Amino acid sequence: MLILDIVLGLIVLYGAYRGFKNGLIVELFGILAWAIGIYGALHFSDWTADQLKPYVSWSENATKTASFVLTFLALLLITHLLAKALTKIASLMLLGGINKIFGVLFGGLKTVGLLALLLAYLAEHSPLDQWVSQEQEGPSKLYEPIKSAGQSLLEAWDFIAEKVDEIDYI
Numbered sequence: 012m013l014i015l016d017i018v019l020g021l022i023v024l025y026g027a028y029r030g031f032k033n034g035l036i037v038e039l040f041g042i043l044a045w046a047i048g049i050y051g052a053l054h055f056s057d058w059t060a061d062q063l064k065p066y067v068s069w070s071e072n073a074t075k076t077a078s079f080v081l082t083f084l085a086l087l088l089i090t091h092l093l094a095k096a097l098t099k100i101a102s103l104m105l106l107g108g109i110n111k112i113f114g115v116l117f118g119g120l121k122t123v124g125l126l127a128l129l130l131a132y133l134a135e136h137s138p139l140d141q142w143v144s145q146e147q148e149g150p151s152k153l154y155e156p157i158k159s160a161g162q163s164l165l166e167a168w169d170f171i172a173e174k175v176d177e178i179d180y181i
């Protein structure tokens with residue numbers, strides 16, 4: 012086993028530990044919070060800017076930037092609080108153990124997915140040999156499967172983005 016396998020394995024184990032610590036609900040809502048935050052900030056930051064303008068004397072760009080950040084952070088906070096409340100409800104219903112077990116699985120898979128995307132991105136956009144040498148890459152048991160999974164995820168993302176662009180909005 013190479014040092015590369017040990018490092019990748021430790022990163023995945025840390026993700027699984029965080030999944031256990033947080034539970035499935037918080038882990039899922041963590042990803043959902045980013046999607047909601049970005050979508051909400053893109054669509055509702057103008058309203059936030061209108062509410063903010065009477066209280067500040069900033070330039071238009073500064074107000075728009077601040078309103079985007081405030082909207083994003085507010086939506087992240089609301090989603091996080093909702094996740095914590097649902098976790099408490101699950102614990103009261105004696106589902107805390109199941110939440111933790113599935114949190115381990117999801118946390119590990121989420122970490123593998125993020126590592127896969129990172130390795131695929133680095134392989135595509137920078138000389139990978141500055142990150143991982145051929146001697147390390149060859150006999151590694153984890154590097155190539157994770158990197159190829161990342162390439163598949165990037166291809167799926169491109170396909171989805173292409174289909175979304177084809178949607179004719181009213």
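In the numbering used here, the protein residues as written are 12 to 181. Every residue, glycine too, gets a C-beta built ideally from N, C-alpha and C. Just so we're clear, the structure is a prediction, and the values are computed from it rather than from any experiment.
Do residue 154 and residue 21 have their C-beta atoms closer together than 8 Å? no
Hey, out of 30, 37, 168 and 18, whose CA is closest to residue 101's CA? 37
What did DSSP end up calling residue 99 once you bin it into helix, strand or coil? helix
Could you tell me the alpha carbon to alpha carbon distance between residue 39 and residue 46, rounded to whole angstroms? 11 Å
Return the Cβ separation of residue 127 and residue 160 in integer angstroms, given the expectation that the two are a contact with Cβ distance under 8 Å. 4 Å
Report the residue ranges of all alpha helix (DSSP H) runs contained in full by the region 53 to 107; include only those spanning at least 4 residues, in chain order. 71 to 103
Which runs of the beta strand (DSSP E), 3 residues or longer, sit entirely within the region 109 to 139? none
Could you tell me whether the region 46 to 58 touches the region 72 to 85, where touching means 3 or more Cβ pairs closer than 8 Å? yes
Residue nearest to residue 43 in terms of C-alpha spacing, selected from 123, 89, 169 and 132: 89
For the alpha helix (DSSP H) that residue 165 lies in, which residues bound it at each end? 154 to 177
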